[in-house]
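Below is one structure, written out as structure tokens, with a few remarks after it.
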Amino acid sequence: MDKYLGTFLDDRYEILEVIGTGGMAVVYKAMCHRLNRCVAVKILRDELAQDEEFRQRFQTEAQAVAMLSHPNIVSVYDVSHSEGVEYIVMELIEGVTLMQYMKKKGALGWKEALHFAVQISKALEHAHEKGIIHRDIKPQNIMILKDGTIKVADFGIAALESAQEKKSDQTVGSVHYIAPEQARGEQPDPRSDIYSLGVGMYE
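In the UniProt record's numbering, the protein residues as written are 1 to 203.
The following block contains the structure:
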């Protein structure tokens, strides 16, 4: 059983259930008892919490996403550190990923694809204006609410553009969707996100 289930963070967030896992962190559904609402809490994996590089990467994610405020981007409510636990509190999304949606419905019609693409583009425009590149735009990171609203999620490998002072020796992003420059290990720019969006919409 997950050790965080049933526990409280900062005497405020009660961890209820696991709702997602990733390479860096586990995402839980939680209850914020101070505001009496359900939220999503992303906790850095224990095996990575002792690694300074991963801690810094996690903090970069929090810093990046906290700068964003847009109806098509998953909101961040809180960033904290409690008894050795690094975590981010986010908007809890009740919906499906674009990948799940396409698997169920099949190929999107052009009107629906355009409706989704416009919303994703607006989210990316907002992030790019803040100097933030997502780096991993793909159907699995796009959430669709019941009313058709899009929420771009998982800025887990987002980076502040202003902090990109040298080329990375690692390729970051999902291989099927990354732009050619990312595949070559070069630094991405806003056009890289647009390329990935185009691949996803074509799919």
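Just so you know, even glycine gets a beta-carbon here, dropped at the ideal spot from N, CA and C.
These numbers come from a predicted model, not from an experiment.
How big is the Cα-Cα spacing for residue i and residue j?
{"i": "serine 192", "j": "arginine 135", "result": "7 Å"}
{"i": "lysine 151", "j": "methionine 102", "result": "16 Å"}
{"i": "serine 75", "j": "arginine 184", "result": "32 Å"}
{"i": "proline 139", "j": "aspartate 189", "result": "20 Å"}
{"i": "lysine 3", "j": "aspartate 11", "result": "16 Å"}
{"i": "glycine 6", "j": "histidine 81", "result": "18 Å"}
{"i": "alanine 64", "j": "glutamate 203", "result": "28 Å"}
{"i": "glutamate 165", "j": "leucine 108", "result": "Caution applies to glutamate 165, whose pLDDT of 37 falls short of 50 and renders its modelled position unreliable; the value that the coordinates give is listed next. Cα-Cα distance, rounded: 39 Å."}
{"i": "residue 204", "j": "glutamine 59", "result": "Nothing can be reported for residue 204, as the shown portion of the chain is limited to 1 through 203."}
{"i": "phenylalanine 54", "j": "histidine 126", "result": "26 Å"}
Rounded to whole angstroms, how far is the Cβ of residue i from the Cβ of residue j, which I believe are closer than 8 Å?
{"i": "aspartate 78", "j": "valine 89", "result": "4 Å"}
Of the residues the options, which one's Cα is nearest the Cα of residue i?
{"i": "threonine 97", "options": "Arg45, Ala153, Ala66, Ser82", "result": "Ala153"}
{"i": "lysine 29", "options": "Val41, Gln50, Asn36", "result": "Val41"}
{"i": "cysteine 38", "options": "Glu94, Pro180, Ala127, Gln100", "result": "Glu94"}
{"i": "residue 208", "options": "Gly198, Gly22, Ile19", "result": "Given a span of 1 to 203 for the chain in the structure shown, any question on residue 208 remains unanswerable."}
{"i": "glutamine 182", "options": "Ile137, Trp110, Asp46, Ile142", "result": "Ile137"}
{"i": "glutamate 14", "options": "Ser69, Cys32, Asp2", "result": "Cys32"}
{"i": "leucine 92", "options": "Val27, Pro180, Lys3, Ala179", "result": "Val27"}
{"i": "leucine 145", "options": "Ile178, Val175, Gln100", "result": "Gln100"}
{"i": "methionine 201", "options": "Ala66, Ile43, Phe155, Asn141", "result": "Asn141"}
{"i": "serine 196", "options": "Ser69, Ile178, Lys130", "result": "Ile178"}
{"i": "arginine 34", "options": "Met24, Ile43, Phe8", "result": "Phe8"}
{"i": "alanine 25", "options": "Glu112, Tyr87, Trp110", "result": "Tyr87"}
{"i": "glutamine 50", "options": "Lys105, Gly20, Glu83, Asn36", "result": "Glu83"}
{"i": "methionine 143", "options": "Arg57, Ile73, Gly106", "result": "Ile73"}
Runs of alpha helix (DSSP H) wholly within the region 49 to 76 (minimum 4 residues, chain order)
52 to 66
Cβ pair count under 8 Å reaching 3, the region 140 to 150 against the region 108 to 127
Flag = yes, the region 140 to 150 and the region 108 to 127 touch.
Any chance you could list the alpha helix (DSSP H) runs of at least 4 consecutive residues sitting entirely within the region 87 to 172, in chain order?
98 to 105, 110 to 129
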